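A.B. asks: Protein chains in written order, with this note's numbering: chain A, 183 to 336; chain B, 183 to 336.
Glycine included, every Cβ here is placed at the ideal spot set by N, Cα and C.
Please read all numbers here as calculations on a predicted model, not as lab measurements.
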């Protein structure tokens with residue numbers, strides 16, 4: 183009997199069972215997350231993680247977390263298929279560079295405002311001083327250190 | 183014969199071969215990237231991707247790219263072991279939130295500077311107008327759209 187929840191129907195096995203050429207049962211762990219109309223989602227995940235690893239990962243998680251897990255696994259698998267060397271670590275490096283650029287811009291803008299406020303003795307109406315601004319520009323190193331993908335892992 | 187390049191020696195198989203309990207030969211594809219003194223690196227990668235997938239990924243890449251690929255795979259595997267639901271997609275979400283916060287801060291700072299420059303009619307010496315500043319605050323949506331991990335993938 184084919185799975186009846188998710189996107190699969192009694193006449194249509196889920197994308198995973200179709201890919202693996204097996205019967206899609208009511209207990210299929212893939213069916214709720216790999217609907218028949220998204221074949222690429224499963225083939226990517228299968229290529230990068232393997233069916234048995236994905237099965238194990240899903241079984242180890244509570245049902246409430248499985249949809250999020252599949253979404254993140256599908257994202258990572260797609261990124262790895264597109265970029266076999268860096269995968270989604272490339273996206274992290276890109277966002278980290280963007281953060282550093284923005285932090286540099288913020289530092290520059292704060293210096294301009296401080297010039298107006300300190301040297302010219304003027305203030306915006308109903309604005310706080312920039313020195314009390316809720317910015318944490320100096321925290322760049324700590325924030326990014328633990329996300330850095332290019333460090334060796336023992 | 184055990185592999186002699188990388189961190190393994192004739193008396194010490196690489197971390198992968200030790201984990202897989204197999205002979206570490208001179209042709210071992212893992213040995214240059216999984217030295218014997220980093221057992222966790224291989225066990226994480228093995229747990230998440232599987233030995234056969236990693237072998238295939240490395241064989242499909244030119245040798246010059248393999249070290250970077252292993253670094254990013256080890257990073258993603260470690261992130262997935264630590265966070266089985268979101269893996270390194272969690273790190274991407276975190277950096278994206280940080281980017282949006284910084285972009286909001288930049289927008290706010292630009293408004294302050296524009297107030298000084300437009301309303302008060304003053305300029306910093308040797309500074310460009312903020313309106314010509316090399317900021318791309320409005321590009322947030324386009325920049326982040328392709329990195330967003332929470333979108334469905336077909």
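Starting from the Cα of residue 261 (chain B), find the closest Cα among A:267, A:271, A:264, A:256 and give me that residue.
C.D. replies: The residue labelled residue 261 (chain B) in the question sits at position 79 within the second chain. Comparing Cα-Cα distances from residue 261 (chain B) to each of A:267, A:271, A:264, A:256, the minimum goes to A:271.
A.B. asks: Could you tell me the alpha carbon to alpha carbon distance between residue 259 (chain A) and residue 227 (chain A), rounded to whole angstroms?
C.D. replies: Translated into the one-based positions of the first chain, residue 259 (chain A) becomes position 77. Translated into the one-based positions of the first chain, residue 227 (chain A) becomes position 45. Roughly 5 Å separates the two Cα atoms.
A.B. asks: Between residue 251 (chain A) and the rest of its own chain, which residues show a CB-CB distance below 8 Å, the 5 nearest in sequence each way excluded?
C.D. replies: Stepping through the first chain from its first residue, residue 251 (chain A) is reached at position 69. The answer, listed in chain order, is 239, 240, 243.
A.B. asks: Taking 8 Å as the CB-CB cut-off, is residue 298 (chain B) touching chain A?
C.D. replies: Taking the first residue of the second chain as position 1, residue 298 (chain B) is located at position 116. Chain A, which has a Cβ nearer than 8 Å to the Cβ of residue 298 (chain B), makes this yes.
A.B. asks: Interface residues of chain B around residue 292 (chain A) at Cβ under 8 Å?
C.D. replies: To locate residue 292 (chain A), count along the first chain from 1; it is residue 110. Ordered by position in chain B, the residues that pass the 8 Å Cβ test against residue 292 (chain A) are 291.
A.B. asks: What does the alpha-carbon distance come out to for the pair residue 257 (chain B) and residue 196 (chain B)?
C.D. replies: Within the second chain, residue 257 (chain B) is the residue found at index 75, counting from 1. Within the second chain, residue 196 (chain B) is the residue found at index 14, counting from 1. Straight-line Cα distance between these residues: approximately 19 Å.
A.B. asks: Starting from the beta carbon of residue 237 (chain A), find every residue of chain B whose beta carbon is closer than 9 Å, and list them in chain order.
C.D. replies: Your numbering for residue 237 (chain A) matches position 55 in the first chain. The contacting residues do not exist; residue 237 (chain A) stays about 12 Å from chain B at best.
A.B. asks: State yes or no: is the beta carbon of residue 287 (chain A) nearer than 8 Å to at least one beta carbon in chain B?
C.D. replies: Indexing the first chain from 1 puts residue 287 (chain A) at position 105. Interface residue, yes.
A.B. asks: Got a sec? Which residues, its chain only, sit under 8 Å from residue 263 (chain A) by beta carbon, not counting five neighbours each side?
C.D. replies: Numbered from 1 along the first chain, position 81 holds the residue referred to as residue 263 (chain A). Within the same chain, residue 263 (chain A) has close Cβ partners 226, 229, 230.
A.B. asks: Please give me, in chain order, every unbroken run of the alpha helix (DSSP H) with length at least 4 that falls completely inside the segment 268–298 of chain A.
C.D. replies: Within the segment 268–298 of chain A, the complete alpha helix (DSSP H) runs of at least 4 residues are 271–296.
A.B. asks: Which of the residues in the segment 243–260 of chain A, read from start to end, lie with their CB under 8 Å from any CB of chain B?
C.D. replies: For the segment 243–260 of chain A, which is checked against every Cβ of chain B, the residues closer than 8 Å are 243, 247, 250, 251, 253, 254, 255, 256, 257, 258, 260.
A.B. asks: Pick helix, strand or coil for residue 199 (chain A), following the three-state DSSP scheme.
C.D. replies: For this step, residue 199 (chain A) is matched to residue 17 along the first chain. Looking at residue 199 (chain A) - three-state DSSP - the assignment turns out to be helix.
A.B. asks: Report yes or no: is there a C-beta of chain A within less than 8 Å of the C-beta of residue 280 (chain B)?
C.D. replies: Within the second chain, the letter at position 98 stands for residue 280 (chain B). Yes, residue 280 (chain B) lies at the interface with chain A (some Cβ there is under 8 Å from its Cβ).
A.B. asks: Can you have a look at residue 311 (chain A) and say buried or exposed, based on whether 16 or more other CB atoms are within 10 angstroms of its CB?
C.D. replies: Here residue 311 (chain A) is taken as the residue at index 129 of the first chain, counted from 1. Here residue 311 (chain A) scores only 49 on pLDDT, less than 50, and its place in the model should not be relied on; the value that follows carries that caveat. When all chains shown are included, residue 311 (chain A) counts as exposed.
A.B. asks: What is the DSSP secondary structure of residue 257 (chain A), reduced to helix, strand or coil?
C.D. replies: Within the first chain, residue 257 (chain A) is the residue found at index 75, counting from 1. Of the three classes helix, strand and coil, the one that applies to residue 257 (chain A) here is helix, per DSSP.
A.B. asks: Please report the straight-line C-alpha distance between residue 268 (chain B) and residue 203 (chain B), rounded to a whole angstrom.
C.D. replies: The sequence position of residue 268 (chain B) within the second chain is 86, counting from 1. The sequence position of residue 203 (chain B) within the second chain is 21, counting from 1. The straight-line gap from Cα to Cα measures roughly 31 Å.
A.B. asks: In angstroms, rounded to a whole number, what distance separates the CA positions of residue 184 (chain B) and residue 201 (chain B)?
C.D. replies: Position 2 of the second chain holds residue 184 (chain B). Position 19 of the second chain holds residue 201 (chain B). Any reading at residue 184 (chain B) must be qualified, since the residue scores a pLDDT of 46, below 50, and its modelled position is unreliable; no value is offered.
A.B. asks: Determine, using beta carbons only, whether residue 287 (chain A) and residue 288 (chain B) come nearer to each other than 8 Å.
C.D. replies: Numbered from 1 along the first chain, position 105 holds the residue referred to as residue 287 (chain A). Numbered from 1 along the second chain, position 106 holds the residue referred to as residue 288 (chain B). For residue 287 (chain A) and residue 288 (chain B), yes; Cβs fall inside 8 Å.
A.B. asks: Between residue 274 (chain B) and residue 273 (chain A), which are expected to be in contact by the criterion C-beta below 8 Å, what is the C-beta distance as a whole number of angstroms?
C.D. replies: On the second chain, residue 274 (chain B) is found 92 positions in, with the first residue counted as 1. On the first chain, residue 273 (chain A) is found 91 positions in, with the first residue counted as 1. About 6 Å; that satisfies the 8 Å criterion.
A.B. asks: If you measure beta-carbon to beta-carbon, which residues of the segment 196–207 of chain B are closer than 7 Å to chain A?
C.D. replies: Per Cβ criterion, the list is empty.
A.B. asks: Quick one: using the 10 Å Cβ neighbour count with 16 as the cut-off for buried, is residue 208 (chain A) buried or exposed?
C.D. replies: Indexing the first chain from 1 puts residue 208 (chain A) at position 26. Exposed, by the Cβ-count rule.
A.B. asks: Would you report the Cα separation of residue 205 (chain B) and residue 291 (chain A), rounded to the nearest angstrom?
C.D. replies: Translated into positions along the second chain, residue 205 (chain B) becomes position 23. Translated into positions along the first chain, residue 291 (chain A) becomes position 109. Distance between the alpha carbons of residue 205 (chain B) and residue 291 (chain A): 60 Å.
A.B. asks: Ignore the nearest five residues each way along the sequence and tell me which others in residue 233 (chain B)'s own chain have a CB closer than 8 Å to its CB.
C.D. replies: Start at 1 with the first residue of the second chain, and residue 233 (chain B) comes out as number 51. Same-chain partners within the cutoff: 198, 202.
A.B. asks: For residue 248 (chain A), count neighbouring Cβ atoms within 10 angstroms of its own Cβ and tell me buried if that reaches 16, exposed if not.
C.D. replies: By 1-based counting over the first chain, the position of residue 248 (chain A) is 66. So residue 248 (chain A) counts as buried.
A.B. asks: When burial is assigned at 16 or more other CB atoms within 10 Å of the CB, is residue 213 (chain A) buried or exposed?
C.D. replies: The sequence position of residue 213 (chain A) within the first chain is 31, counting from 1. The residue in question, residue 213 (chain A), is buried, as its Cβ has 16 or more Cβ neighbours within 10 Å.
A.B. asks: From which residue to which residue does the alpha helix (DSSP H) around residue 213 (chain A) run?
C.D. replies: Reading the first chain from its first residue, position 31 is the one you call residue 213 (chain A). Looking at the DSSP string, residue 213 (chain A) is not in any alpha helix (DSSP H), and its letter there is neither H nor E.
A.B. asks: Within the same chain, show all residues whose beta-carbon is closer than 6 Å to that of residue 221 (chain A), passing over the 5 residues directly before and after it, in chain order.
C.D. replies: Indexing the first chain from 1 puts residue 221 (chain A) at position 39. Same-chain partners within the cutoff: 197.
A.B. asks: When you compare only the Cα positions, how much space is there between residue 265 (chain A) and residue 223 (chain A)?
C.D. replies: On the first chain, position 83 is the one that residue 265 (chain A) refers to. On the first chain, position 41 is the one that residue 223 (chain A) refers to. Cα to Cα, the separation comes out at about 16 Å.
A.B. asks: On the three-state DSSP scale, how would you describe residue 242 (chain B)?
C.D. replies: Indexing the second chain from 1 puts residue 242 (chain B) at position 60. Three-state result, residue 242 (chain B): helix.
A.B. asks: Does the Cβ of residue 280 (chain B) have 16 or more other Cβ atoms within 10 Å, making it buried, or fewer, making it exposed?
C.D. replies: Counting from one through the second chain, the residue named residue 280 (chain B) turns up at place 98. Classification for residue 280 (chain B): buried.
A.B. asks: Taking 8 Å as the CB-CB cut-off, is residue 224 (chain B) touching chain A?
C.D. replies: Numbered from its first residue, the second chain carries residue 224 (chain B) at position 42. No, because no Cβ of chain A sits closer than 8 Å to the Cβ of residue 224 (chain B).
A.B. asks: Beta-carbon of residue 284 (chain B) versus every beta-carbon of chain A: anything under 8 Å?
C.D. replies: By one-based count along the second chain, residue 284 (chain B) stands at place 102. With 8 Å as the cut-off, residue 284 (chain B) counts as an interface residue toward chain A.
A.B. asks: Chain B beta carbons: is any one of them nearer than 8 Å to that of residue 209 (chain A)?
C.D. replies: What you label residue 209 (chain A) is simply residue 27 of the first chain in a count that begins at 1. Chain B contact via Cβ: absent.
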